[in-house]
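Accompanying notes for the structure given below.
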Amino acid sequence: MPNDGIVELNNFLQAKGQLTSLTWEERPTGLAHAPQWICVCKINGEPRGTGSGTHKHLAKSDAAKEALKFLTGESE
Numbered sequence: 047m048p049n050d051g052i053v054e055l056n057n058f059l060q061a062k063g064q065l066t067s068l069t070w071e072e073r074p075t076g077l078a079h080a081p082q083w084i085c086v087c088k089i090n091g092e093p094r095g096t097g098s099g100t101h102k103h104l105a106k107s108d109a110a111k112e113a114l115k116f117l118t119g120e121s122e
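Here the sequence shown is numbered in this note's numbering, starting from 47 and rising by one per residue.
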């Protein structure tokens, strides 16, 4: 999985000894046969990234990338 935001975020937090600060909020919306996933990445209980997608992994990866940008000071 090239450029997987979840792996990148986990590696970043693990290197800083903060992996246990990571939690997720995941919820499907829309139709049961074609859900849209919304994932919120939380660090120390604070939302730091949000992602959405047709698959949970895609939404979670987008949220992780956004959180990593926040943590590294690259957010806009």
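Every residue, glycine too, gets a C-beta built ideally from N, C-alpha and C.
Just so we're clear, the structure is a prediction, and the values are computed from it rather than from any experiment.
- K88 lies in the beta strand (DSSP E); which residues open and close that run? Here residue 88 corresponds to residue number 42 of the sequence shown, with the count starting at 1. Taken as a continuous stretch (DSSP letters only), the beta strand (DSSP E) holding K88 covers A80 to I89.
- Pair within 9 angstroms by beta-carbon distance, C87 and E54: For this step, residue 87 is matched to residue 41 along the sequence shown. For this step, residue 54 is matched to residue 8 along the sequence shown. No, these two residues do not count as a Cβ contact at 9 angstroms.
- Closest residue to K106 among Q64, S67, K62 and P74 (Cα-Cα distance): What you label residue 106 is simply residue 60 of the sequence shown in a count that begins at 1. Taking only the C-alpha atoms, the option nearest K106 is P74.
- Look up E2 in the DSSP assignment and say whether it is helix, strand or coil. Nothing about residue 2 can be read from this structure; the chain reaches only from 47 to 122.
- Query: Across which residues does DSSP place T96 in a beta bridge pair?
  - Reply: By one-based count along the sequence shown, residue 96 stands at place 50. T96 pairs with V86.
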